[in-house]
Amino acid sequence: MNQVDVFKALSNKTRLQILTWLKEPETHFPVQDFGELKGAGVCVGQIQSKCGLNQSTVSEYLSLLQRVGLVTATRIGQWTYYKRNDEGVEALKQFIHQDI
């Protein structure tokens, strides 16, 4: 994990908000509890609707969060679902706690 890249990713208000929403997705998004989608995460379209931004911007934000290790992506058919990567968030917490 490159800490500078993580902090750059979190310096955007919307990206930080997305990460916060993904901490408790059942509170912020409709529950997806059926078939192969169970536990897959939150669809880009749902995140886009909540953000009010266009799909390409939201996809770029999510891609950046994935590259720095704060979210994971699962592709099912033509859709991509995102979940918060608790291990990545924990690594960031440890870095802040121990090194800053």
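For what it's worth, my numbering labels the leading residue of the sequence shown as 27, then goes sequentially. We put the beta carbon where it would ideally sit given N, CA and C, even for glycine.
Residue i classed as buried or exposed, judged by whether at least 16 other C-beta atoms fall within 10 angstroms
{"i": "Pro5", "result": "A query on residue 5 cannot be resolved here, the shown segment of the chain reaching from 27 to 126 and no further."}
{"i": "Gln72", "result": "buried"}
{"i": "Thr106", "result": "buried"}
{"i": "Ile122", "result": "exposed"}
{"i": "Asn28", "result": "exposed"}
Residue i - DSSP class collapsed to helix/strand/coil
{"i": "Ile126", "result": "coil"}
{"i": "Val94", "result": "coil"}
8 Å Cβ shell around residue i - same chain, five flanking residues per side excluded
{"i": "Asp31", "result": "Arg93 and Val94"}
{"i": "Leu118", "result": "Met27, Gln29, Val32 and Leu96"}
Residue i - partner residues in DSSP beta bridges
{"i": "Ile102", "result": "Trp105"}
Supposed contact pair residue j and residue i - C-beta distance, whole angstroms, cut 8 Å
{"i": "Tyr108", "j": "Arg41", "result": "Not confirmed; about 12 Å, so no contact."}
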